[in-house]
Structures are given as structure tokens and as C-alpha cells.
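Reviewing the structure listed below.
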Amino acid sequence: MSTPLAAMPISAQLRLWWDMTRPRVLLLVLFTGLPVFGMAATLPTFGKVVAVLFGTALAGAASSTLNAWLERETDARMARTRNRPLPAASIQPHHAAVLGLVLTVASTAVLWWIGGPFPAMVGLATILFYVVVYTLWLKPRTPQNIVIGGAAGATTPIIAEAALSGEVTWASLLLFAIVFLWTPPHFWAIAIFRKDEYAAAGFPMMPNVVGDINTRRQSLVYALVLTAVSVLPSVLGLLGWLYGGLALATGLWFSFWVGRSMRADDPKVDYQVFRVSIVYLFVLFGAMLADQAWNRLLPAITGG
38 MSTPLAAMPI SAQLRLWWDM TRPRVLLLVL FTGLPVFGMA ATLPTFGKVV
88 AVLFGTALAG AASSTLNAWL ERETDARMAR TRNRPLPAAS IQPHHAAVLG
138 LVLTVASTAV LWWIGGPFPA MVGLATILFY VVVYTLWLKP RTPQNIVIGG
188 AAGATTPIIA EAALSGEVTW ASLLLFAIVF LWTPPHFWAI AIFRKDEYAA
238 AGFPMMPNVV GDINTRRQSL VYALVLTAVS VLPSVLGLLG WLYGGLALAT
288 GLWFSFWVGR SMRADDPKVD YQVFRVSIVY LFVLFGAMLA DQAWNRLLPA
338 ITGG
């Protein structure tokens with residue numbers, strides 16, 4: 038039996054509330070928004086960057102918390118999620134619902150304060166899409182759930198640009214497209230590895246519907262298209278060719294791993310693809326930041 042929340046030390050209570058927001062996922066999501074700041078016509082102040090990231094983080098935390106509240110029963114049927122605060126009964130469901138709603142209001146208010154109604158509405162739409170469209174509608178009904186629902190996890194660059202300039206340009210749309218195309222091969226890899234658990238939870242994930250081989254084939258298509266799209270920021274002059282070369286190399290590396298999973302036909306290799314996909318995304322967006330630091334931020338700081 039779980040220890041009641043009130044009986045835990047304050048530090049343990051705070052850790053549980055922190056875990057509700059899925060901080061590791063949140064860190065990855067925020068990282069994908071950072072290059073937008075370097076693509077802006079005028080470099081924003083450090084304070085503005087922090088404020089935009091804070092508002093975006095609140096939106097991401099709201100989405101994760103409300104998702105956890107809605108999926109607490111199915112999470113209890115999966116080994117990788119059954120120890121989360123809600124299925125483990127460490128936090129009461131109504132407390133999680135209140136936290137999710139408070140975070141939703143807070144994120145909308147912060148983004149409105151930073152950039153007006155447009156970024157606030159984009160952030161609120163992201164939360165509603167993830168919670169209502171993806172969690173309640175798509176995930177239990179269609180194997181395309183992660184393809185369509187992945188749009189919610191890719192909006193950080195759009196929110197950031199909307200908050201900075203009040204508009205959405207090719208800069209944030211390309212970053213959105215990169216994360217959107219990355220999502221299926223990323224999640225389908227873990228869906229193959231955890232296929233039995235998803236089946237027990239009642240989710241029609243792609244491997245359970247079309248089989249592992251067909252899922253890997255679709256993943257390879259997404260990985261190759263992702264590789265092509267990831268080079269476009271260099272082609273369009275938003276980033277330099279240093280980034281473009283790294284984007285091509287890392288995209289082919291990621292595609293190689295997806296192809297390797299097809300040949301191996303072993304869920305353990307699919308789990309490696311899942312881990313490689315995370316490294317890939319960090320390296321890709323890190324290359325964007327490095328390219329910006331070399332070509333724009335460093336001259337701006339040094340006056341060169």
C-alpha cells in the first residue's frame with residue numbers, strides 16, 4: 038500500500054508533484070524551441086527568452102498532468118507507467134485534475150502577458166489538442182494516434198515565435214515539421230518493445246494493428262523524409278551549411294538504425310532505436326544552436 042501524501046516529507050511530496058509534469062519529456066520539448074530565438078529578426082533579451090520558455094513549460098506541464106489524470110487506469114496496466122504517482126495512488130485524482138487546470142490557466146496567463154492573445158491561444162490550443170483530441174479521442178481508437186497527436190508535442194517552436202513576434206513564419210513551421218516527423222519512428226520503436234503492455238491497456242498502437250515489420254517500414258519512410266526536411270533550414274538560409282551537413286549525417290545515422298531494426302526483427306533493437314532517436318533530436322537541435330552561436334550570436338556579442 039502506498040504511503041499517503043500527507044505522511045510524506047515535504048521533499049518527497051514536491052518530487053511527486055514534479056513527476057506529474059514528466060520533467061524529462063518537458064526538457065526535450067523546451068529544447069526544440071530554443072533555435073527559434075536565434076532565428077528572430079532581432080535577438081531577444083535573456084529575460085524574454087526565460088519568460089517565453091517558462092510560459093511554454095507551464096503549457097507542457099499542464100498537458101502531461103491532465104494526460105496522467107485521464108490515463109491513470111490504463112497506466113496501472115502497463116509496467117513502464119504503473120509506478121507513476123496516480124496509478125500508484127500516491128496522489129489523489131482530483132488533486133491532479135486541479136493541478137492540471139491551474140497550470141493551464143497559469144500558462145495561458147503568462148503567454149498572454151508576454152505576447153498577447155495569439156501565443157496564449159496557441160498554447161491553450163496545444164493543451165486542448167493533446168488532452169481532448171489525442172488522449173481522449175485518438176489514442177484509444179486509431180493506430181495513427183501518435184502521428185496526428187504528435188502535432189501537440191511539436192508546437193513549442195510555434196508558441197515561442199508567436200510570443201516573440203506575434204506571427205508564425207517558416208522558421209518555427211520547419212522546426213514543428215522536424216519534431217512532427219520525428220515522433221512516429223520515436224514512439225513506434227517503444228510501441229514495438231512494449232507491444233504486449235499497450236495491448237493489455239487497450240491501445241491500438243501501430244505494431245498491434247499492422248505488425249512489427251510494417252511498422253518499421255513506415256518508420257523508415259518517416260526517418261528518410263525527416264532527414265530531407267531537416268536540411269531545409271540551411272537550404273532556405275535560416276541556418277548555415279555547418280548545420281546542414283550535420284543534419285544530413287545524423288538523419289542518415291537515425292535512418293540506418295531504423296533500417297537495422299527491420300533486418301534484426303528483434304524488439305531489443307527497437308528499444309535501441311528509441312534511445313537513438315532521443316540522442317538524434319538532441320544532436321540535431323544542438324547543431325542548430327551551435328550554428329547560430331557561430332554565425333550570429335558570437336558576432337553580436339563580440340561586435341564583429
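Residue numbers 38 to 341, in my numbering, belong to the letters of the sequence shown in order. Backbone N, C-alpha and C fix where the C-beta goes; we use that ideal spot for every residue, glycine too.
Rounded separation between residue i and residue j - CA only
i, j, result
"Ala286", "Leu321", "10 Å"
"Arg83", "Val89", "Here residue 83 turns out to be Phe, not Arg, going by the sequence shown. C-alpha separation (whole angstroms): 10 Å."
"Lys85", "Ala208", "18 Å"
"Pro180", "Tyr171", "12 Å"
"Thr206", "Phe319", "23 Å"
"Glu234", "Gly323", "33 Å"
"Met299", "Val87", "42 Å"
"Phe166", "Gly190", "10 Å"
"Ala301", "Trp149", "50 Å"
"Ala17", "Lys305", "It is not possible to answer for residue 17, since the shown part of the chain is limited to 38 through 341."
"Ala236", "Gly277", "45 Å"
"Leu80", "Phe74", "7 Å"
"Ala327", "Ala143", "32 Å"
"Ala238", "Asp56", "21 Å"
"Val266", "Gln329", "19 Å"
"Val135", "Leu123", "13 Å"
"Leu138", "Thr220", "26 Å"
"Val168", "Met158", "15 Å"
"Ala94", "Gly296", "34 Å"
"Arg178", "Gly248", "17 Å"
"Ala125", "Pro156", "35 Å"
"Glu204", "Asp303", "45 Å"
"Phe291", "Leu65", "17 Å"
"His131", "Leu53", "15 Å"
"Arg109", "Leu67", "25 Å"
"Arg121", "Thr264", "34 Å"
"Gln50", "Phe213", "35 Å"
"Pro270", "Pro154", "28 Å"
"Asp112", "Val268", "38 Å"
Assigned exposure category for residue i - 16 Cβ within 10 Å defines buried
i, result
"Val184", "buried"
"His223", "buried"
"Val316", "exposed"
"Arg61", "exposed"
"Pro46", "exposed"
"Ile195", "buried"
"Arg312", "exposed"
"Gly288", "buried"
"Arg231", "buried"
"Ser48", "exposed"
"Asn104", "buried"
"Met38", "Low confidence applies to Met38: its pLDDT is 46, below 50, so where it sits in the model is not reliable, and the reading given next is rough at best. Met38 is exposed by the Cβ-count criterion."
"Ala228", "buried"
"Val272", "exposed"
"Pro72", "buried"
"Trp106", "buried"
"Ala116", "exposed"
"Leu161", "buried"
"Leu283", "buried"
"Arg119", "exposed"
Spatially closest choice to residue i from the options, by CA coordinates
i, options, result
"Pro241", "Val168, Trp149, Lys176, Thr69", "Lys176"
"Phe16", "Pro72, Ala133, Thr145, Leu261", "No answer is possible for residue 16: it lies beyond the span of the chain, which begins at 38 and ends at 341."
"Thr163", "Gln309, Ala98, Leu136", "Ala98"
"Met76", "Glu198, Val295, Trp290", "Glu198"
"Trp225", "Arg254, Ala214, Ser202", "Arg254"
"Ser101", "Met243, Arg297, Phe155, Arg59", "Arg59"
"Gly274", "Trp55, Leu211, Leu107", "Leu211"
"Ser256", "Leu136, Val266, Pro244", "Pro244"
"Ile215", "Ala228, Arg119, Ala188", "Ala188"
"Val246", "Asn182, Arg114, Thr111, Ala116", "Asn182"
"Ile250", "Arg109, Thr111, Asp307", "Asp307"
"Ala78", "Pro270, Ser202, Leu269", "Ser202"
CB-CB length for residue i against residue j, believed under 8 Å
i, j, result
"Thr193", "Thr69", "5 Å"
"Ala200", "Ile128", "Not a contact, Cβ separation roughly 31 Å."
"Met325", "Tyr280", "6 Å"
"Val15", "Leu218", "Here the chain covers residues 38 to 341 and nothing more, so residue 15 does not appear."
"Trp294", "Gln309", "7 Å"
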